[in-house]
Every structure is written in C-alpha cells, then in structure tokens.
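The numbering used here puts the first residue of the sequence shown at 22, with every later residue one more than the last.
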Amino acid sequence: MNRIRQRLRIGATALQRLVWTLGTASAALLTLLLGVLVAAVCLVGVGLPLIRPWLLLLRMVADLERRRLTAMGHPIVSAYPPLPRGLRAVPGYLRHDPTVRRDLAWLPIHAVWGWAVGAVGVQIGVNVVRDLTFPLWWYLLPLTEASLLNGLVSVTDWGSVWWAILLGLVWSAMALFLNPVLVTAAAVPGRRLLSPHPDLDLSARIVELTATRAAALDAHVVELRRIERALHDGAQNRLVGVAMLTGAARDAISRDTAAAEAIMERAHEAAEQALAELRTVVRGILPPVLEDRGLEGAVYALASDCAVEVDVDVRLDARCPISVETTAYFAVAEALTNVSKHSEASRAHVTVRRTGEWLVVRITDDGRGGARVDAGTGLAGIERRVAGHDGTTRIVSPVSGPTTVEVRLPCGS
Numbered sequence: 022m023n024r025i026r027q028r029l030r031i032g033a034t035a036l037q038r039l040v041w042t043l044g045t046a047s048a049a050l051l052t053l054l055l056g057v058l059v060a061a062v063c064l065v066g067v068g069l070p071l072i073r074p075w076l077l078l079l080r081m082v083a084d085l086e087r088r089r090l091t092a093m094g095h096p097i098v099s100a101y102p103p104l105p106r107g108l109r110a111v112p113g114y115l116r117h118d119p120t121v122r123r124d125l126a127w128l129p130i131h132a133v134w135g136w137a138v139g140a141v142g143v144q145i146g147v148n149v150v151r152d153l154t155f156p157l158w159w160y161l162l163p164l165t166e167a168s169l170l171n172g173l174v175s176v177t178d179w180g181s182v183w184w185a186i187l188l189g190l191v192w193s194a195m196a197l198f199l200n201p202v203l204v205t206a207a208a209v210p211g212r213r214l215l216s217p218h219p220d221l222d223l224s225a226r227i228v229e230l231t232a233t234r235a236a237a238l239d240a241h242v243v244e245l246r247r248i249e250r251a252l253h254d255g256a257q258n259r260l261v262g263v264a265m266l267t268g269a270a271r272d273a274i275s276r277d278t279a280a281a282e283a284i285m286e287r288a289h290e291a292a293e294q295a296l297a298e299l300r301t302v303v304r305g306i307l308p309p310v311l312e313d314r315g316l317e318g319a320v321y322a323l324a325s326d327c328a329v330e331v332d333v334d335v336r337l338d339a340r341c342p343i344s345v346e347t348t349a350y351f352a353v354a355e356a357l358t359n360v361s362k363h364s365e366a367s368r369a370h371v372t373v374r375r376t377g378e379w380l381v382v383r384i385t386d387d388g389r390g391g392a393r394v395d396a397g398t399g400l401a402g403i404e405r406r407v408a409g410h411d412g413t414t415r416i417v418s419p420v421s422g423p424t425t426v427e428v429r430l431p432c433g434s
C-alpha cells in the first residue's frame, strides 16, 4: 500500500512539473519568436534599441527555468553580469559573454523540446481523466461524436464503454511511469546550459557565501549568548541558592532540627528546579527528541505542545544531516511560538518535504497576519539560522492573514 501511495505521489508530482515545463517552454517559444522579429528588424537598421530589452526578457525566462529546476532538486545559480548600456556595446556583449551564448543555445531547444515533452505529459494526464470518466457522460453526446482515440473507436453502446476504461488504465500507467521519465528528459537542456559557465567570474557567489558565513557566525554568537544568559540567570542562581540553603541547614542542624529539615526541603526544591532549567538549556542546544525520533517525530512533538491546533504533514525518505534537522526544528518551534503568542490563529499547518537536495519546511496559519522580521517575533532568528546554512527564508504575511513561513535548507543528495 505504501508503494502504491508513493507511486501515485510521484505521478502527481511529475504531472505538476510537466505543466510547469509546458509553461516555461511556452514562454521560451514566445521569446524565441520575438528574438527572430528583433533580428529581422535589425537587418534594416532599426532594431538595435530592441536588443537590450529582449535580452532582459531572455534572462527572465531563463531564470524562471532555473527556479523550476531548483524546485526539482537541481539548484542552478543565476550569475549574470550587468547588461551594458549603449547601442554599440550590446553587439560586443553578445559576441563575448559566455552566459548569453549558453542562454541563446538553450532557448530554441527548450522552446521545441520542452514544449513537446510538456505537451505529451499534460495530454497523458488529460487522457486519464477523460477516459476514466467516459462512462459518466458518453451517452450525452451524439452517436457520431462518442468515440475514442480521436475517432478510431466508436462508442455506440454500453458494451464498448469498457474500451474507454481499459484505455484509461493504460493512460494511468503511462502517467505513473512515463511522466517521471519525461520530467527528467525535459530538465536535461537546462541543467547543461543554464548553469554558470566554468570561466565565469564567480565574485558575486563569493560575496554571497561570505555573507552567509557572517550570518552563520552571528547566529552562533547569538546562540552562545542565549545559552550563557539561560545558565547565568537560571541554573546558576538556583545552584547558588542551593549552596546557601545547605550552608544554613548545616548551621541550624545542631540548634533546631525542624528548622534544618525545612531549609533542606527548600534546598531540595531549588536543586530540582536547577536540574529542570539545565535540561531546558540542553534541549535548546540539541533537542534529544531529534536523536530519538528524527525530524518527523520532533515536529509532531512540537505540534502536540502548541496551544493552537496544528496539522502536520511530514514526508521524508531519509534522514538529513543533524545540523540541518536542528535548524529546521528550531524554525518550526519559533514559528509555532509566534502562532501561539501573536497570530490569534485558530489553526496552523506544518509541511516538511525533502525535494532532491533541499529540505523544504512550510508553516502556515489562519491568523491576523502582519508579521514582520523587524517586529521582534523571532523571525529574524529563523532567518539568521537558515542563512548560516546557505538556505533561504520566505515570509508572506499580509494584513488580515494568512501567514506563511517557508524555509529551504540544502541537505545534500
């Protein structure tokens, strides 16, 4: 049963990605036709001012495909140099920049190959729905129009309707097993041609990595300060109290045994409170529930402790690195804390998926919205932790809601 559900999920995901492929391929086809038109008017000497806007459009379409491939688990960095200004500079840019040459090579391939593959995959999905539902509506059609396989098989009675069900099962098998192959095939040109050229200046990427490294160090310092403050203000004060109470009990034991016993009782309670606070600090460093039950069990534990009703949907095929799981755990914990304290929500939903090399965590609620990173609600802490792993955080919280916090963490293959 689990294998069947997994296969159905794979088929549904493949159909969704093929629809997206068809969309980006349609955009590429339109861009290609506009490029041919620009080239044609350039031949008569009036199209040079149109080259730069067309290159900007080409970059937008290529970046759309890069986002699609990244969502599939094939992250591709967009590393474009600034477009030159001036009519004389643009032709030289077209001749010498390797990125634009790779984009120009990808554009017709994706416009034709991507559109064909996407159209085939989407047509298979349409055929599944049409043929499996055929028995529900065929009798409403005129006899001359009730047919299968584009008119090759006529349906005139209920006996021939079984052919529709059989064809629907065949299309379903193709959707479950062929469509994932089509998704992989459609991604090949983009993976090969849209990645940065080996000779490209990666200074922008170096700057980005420097920033994420600084964010990681900042998050580390903030965490150390939090731990130090928790130990100093909590457990340390409790232990000082234990030491003072045991000293008072030792002085009083020879004079007043009852008073000494009362003091020792207070010392015992203070020691238990210190232990409880130490356990809280330890759980804040690396939650034991992650080691014992993994990220799925840890998220369910957070949901059960939340004051708001939380729906949890976790689908992980394998464990992620413990540092990634810890960051995802604290992102969920902080987001649910915000839901409980600030959102006035009645319900929240937590979704965790591993897509290729990315762990995607999404927390949504039906609260009043208006959450901001600079509002002191802990969202800045989530951003710092995630940036330290070279991940991304997206927060959408319009006034009146709903609020969505989406975290994407690289977790390896």
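All C-beta atoms in this analysis are idealised placements derived from N, C-alpha and C, irrespective of residue type, glycine included. Only a predicted model underlies this, so the values are computations on that prediction, with no experimental measurement involved.
| said: By the DSSP assignment, the alpha helix (DSSP H) with residue 270 in it spans what residues? | reply: Translated into positions along the sequence shown, residue 270 becomes position 249. From DSSP, the alpha helix (DSSP H) with residue 270 extends over 258–273.
| task | Whole angstroms is fine: what's the gap from residue 384's alpha carbon to residue 412's? | result | On the sequence shown, position 363 is the one that residue 384 refers to. On the sequence shown, position 391 is the one that residue 412 refers to. Straight-line Cα distance between these residues: approximately 16 Å.
| Counted within 10 angstroms of its Cβ, other Cβ atoms place residue 325 as buried (16 or more) or exposed | For the purposes of this step, residue 325 is taken as the residue at position 304 of the sequence shown. When all chains shown are included, residue 325 counts as exposed.
| field | First through last residue of the beta strand (DSSP E) which encompasses residue 91 | value | Sequence index remark: in the sequence shown, residue 91 carries index 70 (1-based). Looking at the DSSP string, residue 91 is not in any beta strand (DSSP E); the run it does join, the alpha helix (DSSP H), is 69–92.
| message | For the structure I just gave you, are there three or more beta carbon pairs, one from the segment 58–75 and one from the segment 145–159, closer than 8 Å? | response | no
| said: My assumption, with CB atoms under 8 Å, is that residue 369 sits in contact with residue 380. Please give the rounded CB distance. | reply: Taking the sequence shown and counting its residues from 1, the one referred to as residue 369 is at position 348. Taking the sequence shown and counting its residues from 1, the one referred to as residue 380 is at position 359. Not really, about 19 Å apart at Cβ, beyond 8 Å.
| field | Cβ pair residue 377, residue 95 closer than 8 Å | value | As a position in the sequence shown, residue 377 is number 356, starting the count at 1. As a position in the sequence shown, residue 95 is number 74, starting the count at 1. A contact, by the Cβ cut-off of 8 Å.
| message | What would DSSP say about residue 434, mapped onto helix, strand or coil? | response | Taking the first residue of the sequence shown as 1, we reach residue 434 at position 413. For residue 434, the pLDDT reaches just 47, beneath the cut-off of 50, and the residue's location in the model is therefore unreliable, leaving the point undetermined.
| field | Contact set for residue 323: own chain, Cβ-Cβ below 7 Å, skip 5 residues either direction | value | As a working mapping, residue 323 is identified with position 302 in the sequence shown. Same-chain partners within the cutoff: 353, 354, 357.
| request: Please report how far the alpha carbon of residue 85 lies from the alpha carbon of residue 421, in whole angstroms. | output: By 1-based counting over the sequence shown, the position of residue 85 is 64. By 1-based counting over the sequence shown, the position of residue 421 is 400. Cα-Cα distance, rounded: 30 Å.
| query | Does the distance from the CB of residue 386 to the CB of residue 414 come in under 8 Å? | reply | Translated into the one-based positions of the sequence shown, residue 386 becomes position 365. Translated into the one-based positions of the sequence shown, residue 414 becomes position 393. Taking 8 Å as the Cβ cut-off, residue 386 and residue 414 do not qualify as a contacting pair.
| field | beta-carbon residue 77 near the ligand FAD non-hydrogen atom, thresh 7 Å | value | You won't find the ligand FAD in this model; it holds no ligand whatsoever.
| query | What beta strand (DSSP E) runs, 3 residues minimum, are completely inside the segment 125–151? | reply | none
| Top-ranked residue by Cα proximity to residue 373, from 350, 344, 365 | Walking along the sequence shown from the start, residue 373 turns up at place 352. For residue 373, the nearest C-alpha among the options comes from 350.
| said: Output needed for residue 29: all residues of its chain with C-beta closer than 8 Å, excluding positions within five of it in sequence on either side, in chain order. | reply: On the sequence shown, residue 29 is found 8 positions in, with the first residue counted as 1. Once the five neighbours on either side are set aside, the close Cβ partners of residue 29 are 197.
| request: Please report how far the alpha carbon of residue 192 lies from the alpha carbon of residue 145, in whole angstroms. | output: Taking the sequence shown and counting its residues from 1, one reaches residue 192 at position 171. Taking the sequence shown and counting its residues from 1, one reaches residue 145 at position 124. In a straight line, the C-alpha of residue 192 is about 6 Å away from that of residue 145.
| Where residue 355 sits in the DSSP three-state scheme | Counted from its first residue, the sequence shown places residue 355 at position 334. Residue 355: helix per DSSP, three-state reduction.
| Just curious, the alpha helix (DSSP H) that residue 389 is in, first and last residue? | As a first step, residue 389 is located in the sequence shown; it is residue number 368 there, counting from the start. Note, residue 389: premise wrong, no alpha helix (DSSP H); not H, not E.
| request: State yes or no: is the C-beta of residue 391 within less than 8 Å of the C-beta of residue 200? | output: The residue you call residue 391 lines up with position 370 of the sequence shown. The residue you call residue 200 lines up with position 179 of the sequence shown. Cβ distance not < 8 Å, so residue 391 and residue 200 don't count as in contact.
| query | With 16 as the cutoff for other CB atoms within 10 Å, does residue 194 come out buried or exposed? | reply | Here residue 194 refers to the residue found at position 173 when the sequence shown is read from its first residue. Exposed, by the Cβ-count rule.
| query | Just reading off the alpha helix (DSSP H) that residue 314 is part of, what are its end residues? | reply | Looking up residue 314 in the sequence shown gives position 293. First-last of the alpha helix (DSSP H) with residue 314: 309–326.
| message | Tell me the rounded alpha-carbon separation between residue 434 and residue 344. | response | Indexing the sequence shown from 1 puts residue 434 at position 413. Indexing the sequence shown from 1 puts residue 344 at position 323. Per-residue confidence for residue 434 stands at a pLDDT of 47, beneath the threshold of 50, marking its modelled position as unreliable; no derived number is given.
| request: Can you give me the start and stop residues for the alpha helix (DSSP H) that residue 401 sits inside? | output: Looking up residue 401 in the sequence shown gives position 380. Run containing residue 401: 400–409, per the alpha helix (DSSP H) assignment.
| task | Put residue 197 into one of helix, strand or coil per three-state DSSP. | result | Along the sequence shown, read from residue 1 onward, the residue named residue 197 stands at position 176. DSSP places residue 197 in helix when its eight states are reduced to three.
| query | Sorted by chain position, which residues of the same chain lie with C-beta nearer than 6 Å to residue 426's C-beta, five sequence neighbours on each side aside? | reply | Counting from 1 along the sequence shown, the entry for residue 426 is found at position 405. 356, 384, 416, listed in sequence order.
| said: I need the straight-line Cα distance from residue 336 to residue 268, nearest angstrom please. | reply: Translated into the one-based positions of the sequence shown, residue 336 becomes position 315. Translated into the one-based positions of the sequence shown, residue 268 becomes position 247. Taking the straight line from one Cα to the other gives about 55 Å.
| Between residue 126 and the rest of its own chain, which residues show a CB-CB distance below 6 Å, the 5 nearest in sequence each way excluded? | Working through the sequence shown from its first residue, we reach residue 126 at position 105. Hits under 6 Å: 214.
| task | Starting from residue 332, follow its DSSP beta bridges and name the residues at the other end. | result | Position 311 of the sequence shown, counted from the first residue, corresponds to residue 332. Per DSSP, 370.
| query | Does the Cβ of residue 117 have 16 or more other Cβ atoms within 10 Å, making it buried, or fewer, making it exposed? | reply | As a working note, residue 117 is residue 96 in the sequence shown. With fewer than 16 Cβ atoms within 10 Å of its Cβ, residue 117 is classed as exposed.
| Cβ of residue 130 within 8 Å of Cβ of residue 216? | Along the sequence shown, one-based indexing puts residue 130 at 109. Along the sequence shown, one-based indexing puts residue 216 at 195. Against a cut-off of 8 Å, the Cβ pair of residue 216 and residue 130 comes out as no contact.
| field | Buried versus exposed call for residue 13 [16 or more other C-beta atoms within 10 Å across all chains shown] | value | The displayed coordinates of the chain run from 22 to 434. Any statement about residue 13 would go beyond what the structure contains.
| request: Give the DSSP-derived three-state secondary structure of residue 97 in the structure shown. | output: Position 76 of the sequence shown, counted from the first residue, corresponds to residue 97. Coil, per DSSP.
| message | Could you give the first and the last residue of the continuous beta strand (DSSP E) run that contains residue 414? | response | As a position in the sequence shown, residue 414 is number 393, starting the count at 1. 413–417 is the extent of the beta strand (DSSP E) around residue 414.
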